[in-house]
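Numbering (my numbering), first residue to last: 1 to 263. Backbone N, C-alpha and C fix where the C-beta goes; we use that ideal spot for every residue, glycine too. What follows is a single structure, written as structure tokens, with notes after it.
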């Protein structure tokens with residue numbers, strides 16, 4: 001819920017017959033008597049709820065990999081940072097919805113909104129773009145901070161070949177979370193589809209910095225460099241993709257096509 005929607009995460013602890021869920025509105029259930037988790041006992045058994053919350057927090061403090069969580073993608077030099085910001089790949093605001101201590105919405109209070117998002121996604125798969133656009137705009141009117149909704153609207157615009165509008169929506173998501181991977185990818189893809197290859201290359205390389213194991217940016221870089229006639233560069237990225245996922249035929253096919261062009 002936190003990454004895609006900007007809502008609070010849910011953390012739980014099981015102790016004997018009781019299950020505690022730590023959320024903005026905490027929950028406590030006797031799962032032997034109430035396996036469907038319909039009767040919240042957090043008020044009736046407040047002492048037990050507080051005890052389990054403390055135990056859960058202690059476990060999180062003990063086992064959380066702080067080094068991994070805080071490491072993030074590799075640092076960006078100043079020149080690259082300026083270029084990324086100019087092209088929209090990094091939000092001008094560094095205020096992230098993931099900051100510790102920030103009060104986030106309880107997912108239980110957003111079920112209706114979640115269902116509307118899923119309807120919009122279904123309409124996109126059905127190629128009913130006008131209906132999907134209206135539905136997802138309704139969601140954003142109710143909660144402008146939902147990252148997934150921003151991404152969906154950007155994707156709709158991209159499918160409609162409204163690339164400038166798509167990039168603007170993806171940028172809005174990055175204002176909320178500057179490292180929202182899907183929006184960085186959306187911007188790069190919109191630049192590629194609109195023929196702005198140099199701008200697209202910057203974005204796809206940024207994605208590789210964030211997640212070196214994702215083959216999608218490698219595939220797109222291979223396509224772009226092949227289109228530009230830079231066959232050695234195309235081969236380099238496609239070979240990297242093959243190394244990561246040797247079973248995927250598309251990488252072998254594209255690499256073979258580049259080899260043929262070099263002959």
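- Message: Output needed for residue 194: all residues of its chain with C-beta closer than 7 Å, excluding positions within five of it in sequence on either side, in chain order.
- Response: 163
- Residues that residue 21 bridges to, as DSSP identifies them: 12, 27
- Message: Does residue 254 pass the burial test, meaning 16 or more other C-beta atoms within 10 Å, or should it be called exposed?
- Response: buried
- Message: Please report the distance separating the alpha-carbon of residue 19 from that of residue 242.
- Response: 45 Å
- Exposure label - residue 177; buried when at least 16 CB within 10 Å: buried
- Query: For residue 207, which of helix, strand or coil comes out of DSSP?
  - Reply: helix
- Task: Starting from the C-beta of residue 258, find all residues in its chain whose C-beta is less than 7 Å away, skip the five residues before and the five after it, and write them out in chain order.
- Result: 226, 231, 234, 235, 238
- Starting from the C-beta of residue 250, find all residues in its chain whose C-beta is less than 8 Å away, skip the five residues before and the five after it, and write them out in chain order. 219
- Query: Counting along the chain, where does the alpha helix (DSSP H) carrying residue 61 start and finish?
  - Reply: 46–63
- Item | Distance, residue 15 Cα to residue 161 Cα | 53 Å
- Query: In angstroms, rounded to a whole number, what distance separates the CA positions of residue 133 and residue 47?
  - Reply: 47 Å
- Message: Taking the alpha carbon of residue 187 as the reference point, which residue from 245, 149, 170 has its own alpha carbon closest?
- Response: 170
- Message: Please state the DSSP three-state secondary structure of residue 217.
- Response: helix
- If you follow the alpha helix (DSSP H) that residue 116 is part of, which residue opens it and which one closes it? 111–125
- Message: Buried or exposed for residue 62, going by 16 or more other Cβ atoms inside 10 Å?
- Response: exposed
- Query: Expressed to the nearest angstrom, what Euclidean distance is found between the alpha-carbon atoms of residue 222 and residue 130?
  - Reply: 33 Å
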